[in-house]
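Before any comments, here is the structure.
Numbering (this note's numbering), first residue to last: 31 to 143.
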């Protein structure tokens, strides 16, 4: 039930059940091997009134934000160059008012030795 959000207000039907709102979900991979690289990465999300650390979903994905708007995303991981993406536009909402996330792919480039 953790990923469910129950809403009941004038804009959405009573008892409307929707997934938890997520503005951005990023798949993080090593650019050389293609292997998941989210473990040990620190992601930051800013924009739409938030400055927040991204949450790890698993060894591949991180997520953040819970509202529509325009965001900038940065991902730092030891041994890799900083990955950044600006002007990420999150514009869609589901029928219960939940934010439909933008899916991004971050290919982390190893740092020069």
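Yeah, the Cβ is synthetic: ideal placement off N, Cα and C, and Gly gets one too.
- At the C-beta level, residue 75 and residue 69 stay beyond 8 Å of one another.
- Here residue 77 has 99, 100, 101 and 102 as same chain residues with Cβ atoms under 7 Å from its own Cβ, once five neighbours each way along the sequence are excluded.
- Residue 92 is positioned such that its CB atom lies no closer than 8 Å to that of residue 120.
- Here residue 142 is exposed: its Cβ has fewer than 16 other Cβ atoms, across all protein chains shown, within 10 Å.
- DSSP places residue 130 in the coil class of the three-state scheme, outside both helix and strand.
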